[in-house]
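Enquirer:
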Amino acid sequence: EYEKIAFTYGITDLRGLLKRMKKIPKEEKKSAAFAKKLEPAYQVDKGSKIRLVVDLADPTVDLKWYKNGHEIRPTPKYIFEHKGTQRIMVINNCTSNDDAAYSVVAGEEKCTTELFVKEAETYGDQTSLTIEVTEREDTGNYKIVLQNEAGEATASVKIKVVDIPDPPDAPLVPVVGGDWCSMTWEPPKYDGSSPILGYFIERKKKQSSRWMRLNFDLIKETSFEPKKMIEGVPYEVRIFAVNAIGVSKPSEPSKAFTPLAVTSEPTMLVVDDVTDTTVTVKWRPPETIGAAGLDGYLVEYCIEGANDWIVSNKEVTEKTKYTITGLTPGSKILVRVKAINKAGASSPRTLQHSVLVKEVVEPPKIRVPRHLKQTYTRRRPKVIWMKNKITIIDDPRYRMFSNQGVCTLEIRKPSPYDGGMYTCKAINDLGEAQ
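Take the sequence shown: its letters are residues 238 to 671, numbered as in this note's numbering.
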């Protein structure tokens, strides 16, 4: 086969033969064992390593490697790797002894290759070693040895292979606000043998495939606060690491998170009732309730002079009225109420003054029914209405009527012009009342 190749391409040296062997069209029969076989030949520089890779059609089949017909066993020299359906043999520190025929047997099928170990080239009084396809594993100390009958001389050089960094791990989002979040991450495990200069951040809505860059100047820290998000919409974020060589691949996205805001504070908090051991307060709902809704309220109190607030209701209450029990008679307390939702607790609404825990005692009062306060007269009086002491007459914006002794003035479509003092006056022959 080599003679055929040499005749076809006019090759006289084996190195030229090796370089062109891959150009020959091959008619391969479909293999039941191999999805991809070895190449016809490989070349490696002396002192370097090489990986021989086959792809199996059936990954459960038994596989063995051979060198010049002798089975190869795992040693530090020969390392075997499994990656999915791939079976790999790594030959480390290749020497002239590794220049041989290699084969791999899978079940009853076999494929072979030739490995050529290339000696270091010399140019007069100089020599060179070329690593054509570098990998990060090629980083290390290299030594050249010169030998003759009188002895040997050595020289060493340290090679550092630089590359773009690995992507960082997926960022964490520990804190979420109404339109922002706080995110943190760890530096990449491999920096490409070049210091990390900073990071780029991207964000997208969970249901979208379009990522948006959030910074154009590199972020030096490993934390960031994205802003201007829409409350109630799920988002994801990811990271790129940057070194002097370039930008890494993106990290895995963070877990989806949804910006949610706490409500505004409750309103109109007042004391409703006090006894020797209880204080009842009531309030109105918050003016602003966002996408997180409103789950209920938390009532807390603090003894005057102390700094500790005590939670009165262990579970949130949905009502806007609550009685604090078990208080010490004669003590003074401050009361505050927080609104609770999925985003957390709102700012508290606190009573302006402390409350004395003591039964309120009032002098007796008699409430006279309204009908006993009414003034009666004979002959039905004439009723007139006045605004700022001017009688209202035939104005279509007003409607006046009386029902069972109750006089009513109705103002249609009130406006600032209608502000003022209104008077109702009843008049008959004996006098008037207003």
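A virtual CB, placed ideally from N, CA and C, is assigned to each residue, including glycine.
From P496, P606 and S568, pick the residue whose C-alpha is nearest to that of K595; which is it?
Expert: Ranking P496, P606 and S568 by Cα distance to K595 puts S568 first.
Enquirer: Using the three-state DSSP reduction, which class does I261 fall into: helix, strand or coil?
Expert: Confidence at I261 is low in this model, with a pLDDT of 47, below 50, so its placement is unreliable and no value can be given for it.
Enquirer: State the beta-bridge partners of Q384 as determined by DSSP.
Expert: In DSSP, Q384 forms a bridge with E389.
Enquirer: So for Y436, helix, strand or coil by DSSP?
Expert: If DSSP states are grouped into helix, strand and coil, Y436 belongs with the strands.
Enquirer: By how many angstroms is the C-alpha of N578 removed from the C-alpha of D454?
Expert: Cα to Cα, the separation comes out at about 37 angstroms.
Enquirer: Where do the N-terminal and C-terminal ends of the beta strand (DSSP E) with Q280 fall, by residue?
Expert: Per DSSP, Q280 belongs to the beta strand (DSSP E) from A278 to D282.
Enquirer: Let me know the secondary structure DSSP gives P653 once reduced to three states.
Expert: Three-state result, P653: helix.
Enquirer: Give every residue of the same chain whose Cβ lies closer than 6 angstroms to the Cβ of L564, excluding the five residues on either side of it in the sequence, and list them in chain order.
Expert: Cβ neighbours of L564 beyond the five flanking positions: T514 and V594.
Enquirer: So K457 packs on G435, CB below 8 angstroms; how close in whole Å?
Expert: Contact flag correct, Cβ pair sits at about 5 angstroms.
Enquirer: Mind pulling the beta strand (DSSP E) runs of 3 or more residues that sit fully within the region 471-506?
Expert: With a minimum length of 3 residues, the continuous beta strand (DSSP E) runs that stay inside the region 471-506 are 472-479.
Enquirer: Write down the C-beta distance between D335 and I328 rounded to the nearest angstrom, noting that I regard them as a contact closer than 8 angstroms.
Expert: That pair is a contact at about 6 angstroms.
Enquirer: Return helix, strand or coil for S446, following the three-state DSSP convention.
Expert: S446 falls in the coil class under three-state DSSP.
Enquirer: Per DSSP, F461 forms a beta bridge with which residues?
Expert: The partner list for F461 (beta bridge, DSSP) reads M420.
Enquirer: Going straight from the alpha carbon of I261 to that of P277, what length do you get?
Expert: Any reading at I261 needs caution, since the residue's pLDDT is 47, under 50, leaving its predicted position unreliable; the model's value is listed next. Approximately 10 angstroms, taken between the alpha carbons.
Enquirer: With C-beta atoms as the reference, is C331 less than 8 angstroms away from K301?
Expert: No, these two residues do not count as a Cβ contact at 8 angstroms.
Enquirer: Flag F317 as yes if its beta-carbon sits less than 8 angstroms from any beta-carbon of chain B, otherwise no.
Expert: Annotation note: the requested chain B is absent from the structure, which comprises a single protein chain.
Enquirer: Out of curiosity, what's the CA-to-CA distance linking R447 and Y279?
Expert: Cα to Cα, R447 sits roughly 44 angstroms from Y279.
Enquirer: Buried or exposed: which applies to L275, given that a residue is buried once 16 or more other Cβ atoms fall within 10 Å of its Cβ?
Expert: Buried: at least 16 other Cβ atoms inside 10 Å.
Enquirer: Just to confirm, is the Cβ distance from V516 to V574 under 8 angstroms?
Expert: No, these two residues do not count as a Cβ contact at 8 angstroms.
Enquirer: Going straight from the alpha carbon of Y659 to that of K624, what length do you get?
Expert: Approximately 5 angstroms, taken between the alpha carbons.
Enquirer: Return yes when the Cβ of K619 is within less than 8 angstroms of the Cβ of I561, no when it is not.
Expert: Not a contact, by the Cβ cut-off of 8 angstroms.
Enquirer: Give me the Cα-Cα distance between V410 and I570, rounded to the nearest whole angstrom.
Expert: In a straight line, the C-alpha of V410 is about 39 angstroms away from that of I570.
Enquirer: Look at S285 and I368 and say whether their C-beta atoms are less than 8 angstroms apart.
Expert: For S285 and I368, yes; Cβs fall inside 8 angstroms.
Enquirer: Can you tell me which residues form a DSSP beta bridge with K569?
Expert: DSSP lists L593 as partners of K569.
Enquirer: Under the three-state reduction of DSSP, which class applies to R634: helix, strand or coil?
Expert: Coil, per DSSP.
Enquirer: Among T495, D545, V479 and A478, which one has its Cα closest to the Cα of G464?
Expert: Reading off the sequence shown, one finds Lys at residue 464, where the question assumed Gly. Per the Cα distances, T495.
Enquirer: Indicate whether the contact test is met: 3 or more Cβ pairs, each with one atom in the region 531-541 and one in the region 551-558, closer than 8 angstroms.
Expert: Verdict: yes, contact present.
Enquirer: For S393, which residues in the same chain have their Cβ closer than 6 angstroms to its Cβ, ignoring the five residues on either side in sequence?
Expert: For S393, where only same-chain residues beyond five positions count, the Cβ hits under 6 angstroms are N378 and K380.
Enquirer: Give the single residue among D403, I438 and K426 whose Cα lies nearest to the Cα of M420.
Expert: The candidate whose alpha carbon is nearest that of M420 is I438.
Enquirer: I need the DSSP call for N673, collapsed to helix, strand or coil.
Expert: This structure cannot speak to residue 673, because the chain is shown only from 238 to 671.
Enquirer: Quick one: any contact between the region 310-323 and the region 341-361, if contact means 3 or more CB pairs under 8 angstroms?
Expert: Flag = no, the region 310-323 and the region 341-361 do not touch.
Enquirer: How do the region 399-416 and the region 474-483 stand: do at least 3 beta-carbon pairs fall below 8 angstroms, yes or no?
Expert: Output reads yes: the region 474-483 touches the region 399-416.
Enquirer: Is the distance from the Cβ of E502 to the Cβ of P523 below 8 angstroms?
Expert: Taking 8 angstroms as the Cβ cut-off, E502 and P523 qualify as a contacting pair.
Enquirer: Where L293 and I316 are concerned, what is the direct C-alpha to C-alpha distance, given to the nearest angstrom?
Expert: Rounded to whole angstroms, L293 to I316 spans 18 angstroms at the Cα level.
Enquirer: Take the Cβ of Y559 as the centre, count every other Cβ of all protein chains shown within 10 Å, and call the residue buried at 16 or more, exposed below.
Expert: Its Cβ being crowded by 16 or more others within 10 Å, Y559 is buried.
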